[in-house]
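Numbering (full-length UniProt numbering), first residue to last: 1 to 79.
Put into structure tokens, the structure is as follows:
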């Protein structure tokens with residue numbers, strides 16, 4: 001009887017550990033998704049800046065870069 005109770009406790013403990021592990025994995029998955037979204041936004045800004053620099057004069061480039069930076073910072077704050 002004591003052995004059976006001990007095994008039940010072990011089984012409960014293992015189930016609790018499994019639940020905690022699955023929760024941690026889910027949190028990690030969500031973090032990876034957020035980082036992936038952020039990476040895509042950064043890449044979009046990079047492409048946008050490359051296009052700006054190819055088509056603009058120096059002063060215009062500076063103004064557009066500041067505008068792009070503001071847009072980027074706004075998008076990062078919404079992640």
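The C-beta atom is built at its ideal place from N, Cα and C for all residues, glycine as well.
The structure presented is a predicted model; accordingly, all values stated were derived computationally and were not measured.
Measure the Cβ-Cβ separation of residue 41 and residue 52 and say whether it is below 8 angstroms. no
Between the Cα of residue 45 and those of 13, 74 and 8, spot the shortest distance and give me the residue it belongs to. 74
Neighbourhood of residue 48 by C-beta, 6 angstroms cutoff - its chain only, sequence neighbours within 5 removed: 68
Going by DSSP, what residue range makes up the alpha helix (DSSP H) through residue 57? Taken as a continuous stretch (DSSP letters only), residue 57 belongs to no alpha helix (DSSP H), as it is neither H nor E.
Would you call the CB atoms of residue 35 and residue 76 closer than 8 angstroms? no
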